[in-house]
Amino acid sequence: MTEFSDLGLSPATLAAVAETGYTTATPIQAAAIPVALQGRDVLGIAQTGTGKTAAFTLPMIDRLAAGRARARMPRALVIAPTRELADQVASSFEKYAKGQKLTWALLIGGVSFSDQELKLDRGVDVLIATPGRLLDHFERGKLLLTGVQIMVVDEADRMLDMGFIPDIERIFKLTPPKRQTLFFSATMPPEITRLTKQFLKDPERIEAARPATTAETIAQHLARIPSADPKAKRTALRALIERSDINNGIVFCNRKSEVDIVAKSLKKHGLDAAPIHGDLDQSTRMRTLESFRKGELKLLVASDVAARGLDIPAVSHVFNYDVPHHADDYVHRIGRTGRAGRTGEAFMIVTPADSKNLDKVLKLIGKTPDEVTFDIDFSTIKDEPRPGRGREKGGRGRERGVRDRAPRGRRPEAEAETPVEAPVAAEAEAPARPRRDAKPRERREIEPTTRREAESRPVQPRGERPARADRGERRRDRDDGDRVVGFGGETPAFLLRPAITRPDDE
DNA sequence: AAAAAAT
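Residue numbering for the first sequence follows the UniProt record's numbering, starting at 1 and increasing by one per position.
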């Protein structure tokens with residue numbers, strides 16, 4: 001057992017660690033922290049739940065303690081694949097850098113640029129970002145990465161899954177080669193190995209044992225039902241939930257639309273559930289996650305946005321409403337429970353249509369989970385075909401609020417036909433679709449003009465100009481002068497601020 | 001097949 005105090009961390013950082021109540025370092029922390037403190041590169045092969053966030057946050061804080069940030073030139077950069085993960089790293093940083101003079105900014109999509117820009121202008125020591133928004137800021141000239149001394153890549157294999165590798169390569173190339181790199185991945189597929197060979201210098205390879213294998217701490221169950229009908233599945237899900245002694249649980253669905261429908265259905269049946277997936281706006285995602293973490297929300301209905309990496313302590317149950325498309329996802333999903341030595345239960349609803357994917361899961365986990373039996377006659381449960389389809393053609397006036405079909409009494413639990421699905425679909429679509437009476441032409445003019453303005457400023461290092469900047473250059477031929485169009489006389493301050501002079505221009 | 005991430 002290694003104590004944090006044995007790792008060479010500064011007294012200030014140790015004090016912050018002590019305040020969180022931790023005294024013993026996890027194996028990856030014990031191995032990585034001394035190496036990272038020396039300034040060496042680290043290749044950490046570790047899953048979530050092994051304590052890897054602190055393994056890179058703590059030494060980073062100590063190494064940055066001497067020195068100050070300059071405007072738009074961060075000294076350290078952490079890249080994470082999802083917004084939630086980035087946010088999690090930020091809270092960890094906030095916790096451990098407490099009382100020290102380090103500043104940080106979270107650069108993720110889905111939230112306004114202005115706060116982020118303000119922080120960048122003032123100068124931050126550490127940037128914690130998702131790749132897209134980071135590069136967006138860079139292209140807008142709000143950011144120079146030439147001062148980066150430490151770069152952290154978290155969950156690299158997931159970035160690969162999400163198609164971020166070109167972005168990561170580009171970010172690597174924007175930072176100085178003499179930087180320190182801390183690179184983490186749960187697995188090492190060839191693409192990732194190539195990346196580490198290209199961008200890490202003589203890294204110390206640290207492999208953390210997989211957190212207790214699924215078999216040991218998670219009781220796995222299969223709930224086979226004879227029908228793939230959504231309504232039958234929802235009924236089965238409720239039965240599983242109701243028979244379990246749940247502290248808190250996550251319900252995983254394969255589709256975002258299904259997440260909405262299932263969450264709505266559970267709520268309708270009096271269960272404390274809320275949806276989370278990538279189509280929900282960022283503040284909702286964060287709020288939902290926060291209340292789930294605090295224990296205020298009992299059931300989180302989620303897409304695979306929540307399958308990996310999210311640090312949600314002590315989830316007692318995981319329900320797979322769908323068999324995941326990839327067997328790997330199953331392992332990640334149920335890994336949300338049974339963490340840190342606690343026991344957990346995982347259930348998966350399986351229909352005849354899932355046999356192929358189920359086989360892959362069973363093969364991967366190498367064991368046969370217990371089978372759950374139901375006291376339900378599924379043959380009587382069937383979703384009515386979506387009402388409204390045929391009617392809409394006829395008259396447009398009756399689609400909302402008018403139900404021309406009486407509820408049928410024959411079913412014990414009236415899971416109404418329309419209310420569950422139709423309103424959900426309507427809500428989900430509404431914000432995304434521009435209103436018919438809006439003026440799309442005007443909107444189109446505003447965007448490219450401001451962008452062009454931002455992009456045409458001489459801030460991009462040569463040779464690293466992105467495809468979009470190329471477009472910007474071409475448009476510049478048409479010369480709009482310096483006029484900024486689309487803000488009605490008011491030009492936002494950030495567009496008028498002087499461009500950054502690069503060090504090699506001086 | 002689906003989800004995630006920049007707008």
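Even glycine gets a Cβ: it sits at the ideal position worked out from N, Cα and C. Keep in mind that this is a model prediction, so the values were computed, not measured.
By a beta-carbon distance limit of 8 Å, E204 contacts R40. Their separation comes to about 6 Å. Three or more beta-carbon pairs separated by less than 8 Å are not found between the region 279-295 and the region 327-347, which leaves the two stretches without contact. T2 carries a strand assignment under DSSP once its states are collapsed to helix, strand and coil. By the Cβ criterion, the region 144-160 is in contact with the region 184-198, since at least three pairs of Cβ atoms, one from each stretch, lie closer than 8 Å. Per DSSP, reduced to three states, the secondary structure at R255 is coil, with no helix or strand assignment. When DSSP reads this structure, V35 sits in no beta bridge, so it has no partner. A distance below 8 Å separates the beta carbons of A16 and K98. Using a Cβ distance threshold of 8 Å, A76 and D125 count as a contacting pair.
Taking all protein chains in view, the Cβ of R336 is crowded by 16 or more other Cβ atoms within 10 Å, so the residue is classified as buried. Taken atom to atom, the span from the alpha-carbon of P74 to that of A232 is near 53 Å.
Collapsing the DSSP output to three states places E19 in a helix. Residue pairing of M348 in beta bridges, as defined by DSSP: L222 and N320. Shown here for M188: same chain residues with a beta carbon closer than 7 Å to its own, the five before and five after excluded, namely I45 in chain order. Listed in chain order, the non-local C-beta contacts of S92 below 8 Å within the same chain comprise T53, A54 and T57, local neighbours out to five positions each way being set aside. Cβ-Cβ separation between S303 and K367: approximately 27 Å, too far for a contact (criterion under 8 Å). Cβ contact annotation for A236 (same chain, cutoff 8 Å, sequence separation greater than five): A223, I225, I349, F374, I376 and F378, in chain order. Under the 10 Å beta carbon count, S185 is surrounded by 16 or more other beta carbons and is classified as buried.
Between D281 and G110, the C-beta gap is smaller than 8 Å, which places the two residues in contact. Residue pairing for E204: DSSP places it in a beta bridge opposite V42. The beta carbons of L144 and R72 sit closer together than 8 Å. Between A129 and I79, the beta carbon gap of about 6 Å places them in contact (Cβ cut-off 8 Å). Considering only K264, L107 and A69, the residue with the shortest C-alpha distance to P131 is L107. Of the candidates N247, T50 and E371, E371 places its Cα closest to the Cα of Q220. Each residue's CA atom was taken as its position, placing V153 and Q180 some 11 Å apart.
Taking the C-beta atoms as reference points, L297 is found no nearer than 8 Å to D260.
If you compare the alpha carbons of L120, I334 and L135 with that of I312, the shortest gap goes to I334.
Per DSSP, Q198 is one residue of the alpha helix (DSSP H) stretching across P190 to F199.
Linking Q149 to P176 through their CA atoms gives a straight-line distance of about 8 Å.
Excluding residues up to 5 positions away in sequence, F378 lie with their Cβ nearer than 6 Å to the Cβ of S227 in the same chain. When secondary structure is reduced to three states using DSSP, T53 falls in the helix class. Distance between I381 and N247, taken at the CA atoms: about 29 Å.
Residue nearest to D354 within the set G270, D161 and P324 is P324 (criterion: CA-CA distance). The beta carbons of V315 and I241 sit no closer together than 8 Å.
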